[in-house]
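> Once you've had a glance at the structure underneath, I'll fire off some questions.
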């Protein structure tokens, strides 16, 4: 029978042993927690980096599929990492068992921890405590588990490296875009393979197509025929789904790549007359703040196909022809310019009238082809011409639809400012022609006619 | 009694005494270190031993030497077909007293001793074999309605001859189960055989010195047996022993852990007819406790259990004919079970 002092001493020794086991347990649990956290961060960072890089490198549909797969794998990995960390946690008994195994104590610590709270410990209990305390250096926390930081730090470091590698990829991919965007505000390209199709209802591409009435009518006919010949209904719905997915992926990519402002830029597509001066389709990219038609962009009015299409001039610089003179006294007649401009392209008077009507720019003269540029449907639907601007290898697919602002009454044509410049010294202001004297023989004739 | 308690042996005393008895036995028995250790382990674990070995391997000599070393009373019974139960337990005989009166007097059989050697126990009939059951399990003998207590320590060692099986009666499972360990005595190797020849054919016989005095031997041995019982077993070790035993049972072998990490041992299901009984688990823990004391510990470890597993479980496993045809013995089954349970981290 042990005396009270012996009991107290045995309890102190037992406390020392349990304290060391507790420190072992703390270290093991710390490692388990680190394991869960590090792996969670590693998975999150790696997946984020992969998605970020994929936004730059992959086409929208592949990006969407890849991102979905990554999200699934990432979620599974997160669950696995948290579960592994949870399983690695150590109770006092488990910490003692681990210490027994690693220190070769043959179950001494496990027995002490398991029986420490028992009321009857037996005569060999003090021997066991004493014997175990003799090995206290062997089951110090630093010897049982040398690591203070979990090995999961390596996957985390790898994920960080991966993320660091993704940044240069984004910069490499973004630099040409920035250079292109900053180099020129208005982009004019040859559209060799122009493909037009109806836009999706939710499309917010901000693209407008402007052309003369005849061109727009032919464009509508083509779109209608494509819709009709689009194949089976199932195929259409599948195409719509694919288009929606692609749009969603593109939207996500734009957000990830920081090109959200660029995507909101207005893209005005003007279908030019093949016989005109320009002879090509012009794409003007105008900033958002200059656009006052964003609410009606992308809407298509089928019920009024022949109504006057609004002249949607993208930039006033385009309209300031250096050889055009302002003619404030001449008013354009709406609706007449389109036919005159197309049917008589060589008529100088009509051309002058068209230019004058452009310069006047009032709403009444905002017919679809009133700008006089006109459009040649053959150049749109016919065989593509060779590139004239040296843009070999450049190909763009445009998803667009015609828009009619004038019919809705909410969209307004671009009204160019009235520019009044001073005449040069060699010029004289316009004056009425002086009435000439009528010959005498003619005067009698005129008089006779009026009397009749 | 108080003197005995005052002389409660320590862990070091146990190990020292054990090694000394071992040394005395090995003065006569050459080799068989593991068999001797298991024999003494069974003695201090309050069990009995079944010794299996071919003739001439020193089974009887081993038992006699043990009796001499412990300085305990020793009897030997040669089991034959015509041996009757009364020849073992004793019988009532009519004796004439000093006054000439004749009365029935109980004449104790050879079972009344401290160490009993049942030589070739499988040659006796099952009825005679079962006469030992009560003595082995309950340390008592009942003759003609009268129960006679046996004096502790009581240690039965039975030998089996694995050859010459004609005319033998295999021990019933109930009796096999009462032996704590089954010890195998194999042929000695060349070096051991050389030493046997030189030590047994010379003029001098090896002198065995008794470890205990005759008067104190029973008490000392009982004290050591009590010390074995005081060795602590963590619940995890008891669970491990229980899972080992369940893993030997075909109906339970695949549900050892009762969890997803269950052990599925096809070998057990294919070759074992009946697995170990709960006495097997008791034998594992008791044998492990002796091993722990010998290692200077007051607690058992997994290694202790595994060390005694073959001796404790092999004779409790009944193999089927498939095992016989494939040459599988119970030792292989136990070793396989240990690996399976250990691999399952249970």
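Protein chains in written order, with this note's numbering: chain A, 1 to 452; chain B, 1 to 346.
Glycine included, every Cβ here is placed at the ideal spot set by N, Cα and C.
Note that the coordinates shown come from a computational prediction; the quantities given were computed from them, not determined experimentally.
1) With distances taken from CA atoms, which of B:288, B:293, B:214, B:279 is nearest residue 175 (chain B)?
2) Does residue 108 (chain A) come within less than 8 Å of chain B when only Cβ atoms are used?
3) State buried or exposed for residue 170 (chain B), treating a residue as buried only when at least 16 other CB atoms are found within 10 Å of its CB.
4) Does residue 125 (chain A) pass the burial test, meaning 16 or more other C-beta atoms within 10 Å, or should it be called exposed?
5) Please classify residue 318 (chain B): does DSSP put it in a helix, a strand, or coil?
6) Report yes if the CB atom of residue 142 (chain A) is closer than 8 Å to the CB atom of residue 89 (chain A), and no otherwise.
7) Assuming the contact rule is C-beta atoms closer than 8 Å, residue 135 (chain A) and residue 105 (chain A) should be a hit. Round their C-beta distance to whole Å, please.
8) If you draw a straight line from the C-alpha of residue 190 (chain B) to the C-alpha of residue 24 (chain B), how long is it?
9) So, under 8 Å CB-CB, residue 276 (chain B) and residue 317 (chain B) are touching, yes? Tell me the CB distance rounded to an integer number of Å.
10) Look up residue 230 (chain B) in the DSSP assignment and say whether it is helix, strand or coil.
11) To the nearest angstrom, how far is the alpha carbon of residue 172 (chain B) from that of residue 231 (chain B)?
12) So, are the CB atoms of residue 293 (chain B) and residue 11 (chain B) less than 8 Å apart?
13) Does chain B have any CB closer than 8 Å to the CB of residue 70 (chain A)?
14) Under 8 Å between C-beta atoms, does residue 257 (chain B) make it to chain A?
15) Quick one: list the residues of chain B neighbouring residue 111 (chain A), beta-carbon separation under 7 Å, in chain order.
16) Please list the terminal residues of the continuous beta strand (DSSP E) segment that includes residue 157 (chain B).
17) Would residue 118 (chain A) be called buried (16 or more neighbouring beta carbons within 10 Å of its own) or exposed?
18) Over what stretch of residues does the beta strand (DSSP E) that includes residue 52 (chain B) continue unbroken?
19) Does the distance from the C-beta atom of residue 299 (chain B) to that of residue 107 (chain A) stay below 8 Å?
20) Mapping DSSP to helix, strand and coil, what is residue 107 (chain B)?
21) Going by CA-CA distance only, name the one from B:8, B:26, B:296, B:214 that's closest to residue 15 (chain B).
22) Tell me which same chain residues have a C-beta within less than 7 Å of the C-beta of residue 29 (chain A), skipping the five on either side of it?
23) What is the DSSP secondary structure of residue 250 (chain A), reduced to helix, strand or coil?
24) Tell me the DSSP secondary structure of residue 391 (chain A) in three-state form.
25) Nearest to residue 344 (chain B) by CA position, among B:204, B:247, B:308, is which residue?
26) Under the assumption that residue 128 (chain B) contacts residue 83 (chain B) (Cβ atoms under 8 Å), give the Cβ distance between them as a whole number of angstroms.
27) Under the three-state reduction of DSSP, which class applies to residue 263 (chain A): helix, strand or coil?
28) Could you give the DSSP three-state label for residue 107 (chain A): helix, strand or coil?
29) Output the distance between the C-alpha atoms of residue 322 (chain B) and residue 290 (chain B), rounded to the nearest integer angstrom.
30) Does DSSP classify residue 273 (chain B) as helix, strand or coil?
31) Contact defined as beta carbons within less than 8 Å: I believe residue 27 (chain B) pairs with residue 163 (chain B). What is the distance between those atoms, to the nearest angstrom?
32) Using three-state DSSP, classify residue 335 (chain A) as helix, strand or coil.
33) Could you tell me which residues DSSP puts in a beta bridge with residue 96 (chain B)?
34) Counting only beta-carbon atoms, is residue 127 (chain A) nearer than 8 Å to chain B?
35) Hey, out of B:273, B:342, B:234, whose CA is closest to residue 329 (chain B)'s CA?
36) Quick one: what's got a C-beta closer than 8 Å to residue 36 (chain B)'s C-beta in the same chain, skipping five residues either side?
According to the data block:
1) For residue 175 (chain B), the nearest C-alpha among the options comes from B:279.
2) Using a CB distance cut-off of 8 Å, residue 108 (chain A) counts as an interface residue toward chain B.
3) It counts as exposed.
4) Note on residue 125 (chain A): 16 or more other CB atoms within 10 angstroms of its CB, so buried under the neighbour-count rule.
5) It is a strand residue.
6) Not a contact, by the Cβ cut-off of 8 Å.
7) Their Cβ separation, rounded to whole angstroms, is 6 Å, which keeps residue 135 (chain A) and residue 105 (chain A) in contact under 8 Å.
8) Taking the straight line joining both Cα atoms gives about 22 Å.
9) About 6 Å separates the Cβ atoms of residue 276 (chain B) and residue 317 (chain B), confirming a contact at the 8 Å cut-off.
10) Correct three-state label for residue 230 (chain B): helix.
11) Straight-line Cα distance between these residues: approximately 32 Å.
12) Taking a C-beta distance under 8 Å as the contact criterion, residue 293 (chain B) and residue 11 (chain B) qualify as a contact pair.
13) No, no contact with chain B.
14) Summary for residue 257 (chain B): the model assigns pLDDT 48, below 50, so the residue's position carries little reliability, and this model does not support an answer.
15) The answer, in chain order, is 232, 234, 299.
16) Counting along the chain, the beta strand (DSSP E) containing residue 157 (chain B) begins and ends at 155-160.
17) Counting C-beta atoms within 10 angstroms of its own C-beta, residue 118 (chain A) has fewer than 16 neighbours from the protein chains shown and is therefore classed as exposed.
18) Where residue 52 (chain B) is concerned, the enclosing beta strand (DSSP E) stretches over 49-53.
19) For residue 299 (chain B) and residue 107 (chain A), yes; Cβs fall inside 8 Å.
20) Strand at residue 107 (chain B).
21) For residue 15 (chain B), the nearest C-alpha among the options comes from B:296.
22) Closer than 7 Å at the Cβ level, and outside the excluded window around residue 29 (chain A), lie 89, 90.
23) Under the three-state reduction of DSSP, residue 250 (chain A) is assigned to helix.
24) Residue confidence is low: residue 391 (chain A) scores 44 on pLDDT, short of 50, so the model does not pin down where it sits. Its coordinate-derived value is still stated next. DSSP places residue 391 (chain A) in the coil class of the three-state scheme, outside both helix and strand.
25) With distances taken between CA atoms, residue 344 (chain B) lies nearest to B:247 out of B:204, B:247, B:308.
26) Separation of the CB atoms of residue 128 (chain B) and residue 83 (chain B) is rounded to 5 Å, and the pair is thereby assigned contact status at 8 Å.
27) Interpretation of residue 263 (chain A) is limited by its pLDDT of 43, a score under 50 that renders its predicted location unreliable; no figure is taken from the coordinates.
28) In the structure shown, residue 107 (chain A) falls within a coil segment according to DSSP collapsed to helix, strand and coil.
29) It is roughly 35 Å from the alpha-carbon of residue 322 (chain B) to the alpha-carbon of residue 290 (chain B).
30) Secondary structure of residue 273 (chain B) (DSSP, three-state): strand.
31) In this structure, residue 27 (chain B) and residue 163 (chain B) do not form a Cβ contact; the two beta carbons are roughly 29 Å apart against a cut-off of 8 Å.
32) Note that residue 335 (chain A) scores a pLDDT of 39, beneath 50, so its modelled location is shaky; the value from the coordinates is reported in the next line. Here residue 335 (chain A) sits in coil by DSSP.
33) Note: residue 96 (chain B) sits in a beta bridge opposite B:102.
34) Chain B, which has a Cβ nearer than 8 Å to the Cβ of residue 127 (chain A), makes this yes.
35) With respect to the C-alpha of residue 329 (chain B), the residue from B:273, B:342, B:234 having the closest C-alpha is B:273.
36) Closer than 8 Å at the Cβ level, and outside the excluded window around residue 36 (chain B), lie 22, 25, 26, 29, 62.
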